[in-house]
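Asks:
Residue numbers (my numbering): 25 to 193.
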């Protein structure tokens, strides 16, 4: 079967869409899989699981596909791998106040920089706890950390700050 026909059946099953919405999202999945060299049904499966894990609806699938494409192109990380990691860690990312797109971007950057996703999520949990204990928002804490990482501080100071915020792993 052609990838667009396969996409229509899978999108209908996974997202319960019909009519123009079904055709539009199916076409986007077919293009997504061709662009990224992934199987249509595999991508639909992985993306639908990530969307469900974040409590998103079918209308938000298109935007998430765009997010995955951008992150994949910017980081070189396989989009199916990203979608799987987003789904697997959705509870933590939602607790951090992140969207599925934010999560994909975070995971892509971790992978691009040689960081294990599981360790990174564990580190974020540690940072969230420390942020709460200090009475600061997670966004403020991460913004300060990001500023330090972009500064002219020494590598030793940056590493010490990372250990302090995220833990030694």
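Heads up, the beta-carbon is just placed ideally off N, CA and C, and yes, glycines get one too.
1. Would you call residue 122 buried or exposed, if buried means 16 or more other Cβ atoms sit within 10 Å of its Cβ?
2. Tell me whether the region 164 to 176 and the region 130 to 146 touch, counting them as touching only if at least three CB pairs, one residue from each stretch, are closer than 8 Å.
3. Helix or strand or just coil, what does DSSP make of residue 129?
4. Assign residue 120 to one of three DSSP states: helix, strand, or coil.
5. Is the Cβ-Cβ distance between residue 124 and residue 78 less than 8 Å?
6. Hey, out of 143, 90, 84, whose CA is closest to residue 55's CA?
7. Report the residue from 116, 83, 61 whose alpha carbon sits nearest the alpha carbon of residue 45.
8. Whole angstroms are fine: how far does the CA of residue 192 sit from the CA of residue 211?
9. Specify the secondary structure class of residue 67 as computed by DSSP and reduced to three states.
10. Identify whether residue 98 lies in helix, strand or coil by the three-state DSSP scheme.
11. Quick one: grab the DSSP three-state call for residue 56.
12. Buried or exposed for residue 49, please, with buried defined as at least 16 other CB atoms from any protein chain shown within 10 angstroms of its CB.
13. Can you look up residue 146 in the DSSP assignment and give me helix, strand or coil?
14. Determine contact between the region 61 to 69 and the region 27 to 39, defined as no fewer than three beta-carbon pairs at a distance below 8 Å.
Replies: Let me spell this out:
1. Position 98 of the chain shown, counted from the start, is the residue given in the question as residue 122. Looking at its Cβ environment, which holds 16 or more other Cβ atoms inside 10 Å, residue 122 is buried.
2. No contact exists between the region 164 to 176 and the region 130 to 146.
3. Here the question's residue 129 lines up with position 105 in the chain shown. Residue state, collapsed to three classes: helix.
4. On the chain shown, residue 120 is found 96 positions in, with the first residue counted as 1. Reduced to three states, the DSSP call for residue 120 is coil.
5. The residue you call residue 124 lines up with position 100 of the chain shown. The residue you call residue 78 lines up with position 54 of the chain shown. The answer is yes: Cβ separation under 8 Å.
6. Residue 55 sits at position 31 when you count from the first residue of the chain shown. Here the closest residue by C-alpha is 90.
7. Counting from one through the chain shown, the residue named residue 45 turns up at place 21. Looking at the Cα atoms, 83 is the closest of the given residues.
8. Look at the range of the chain in this structure, 25 to 193, and you will see that residue 211 is not part of it.
9. Counting from one through the chain shown, the residue named residue 67 turns up at place 43. The answer is helix: DSSP assigns residue 67 an H, G or I state.
10. Counting from 1 along the chain shown, the entry for residue 98 is found at position 74. In this structure, residue 98 counts as helix in the three-state DSSP scheme.
11. The count along the chain shown starts at 1 and reaches residue 56 at position 32. In this structure, residue 56 counts as helix in the three-state DSSP scheme.
12. Your numbering for residue 49 matches position 25 in the chain shown. Buried: at least 16 other Cβ atoms inside 10 Å.
13. Your numbering for residue 146 matches position 122 in the chain shown. If DSSP states are grouped into helix, strand and coil, residue 146 belongs with the helices.
14. Look at the beta carbons and you see the region 61 to 69 touching the region 27 to 39: at least three pairs across the two are nearer than 8 Å.
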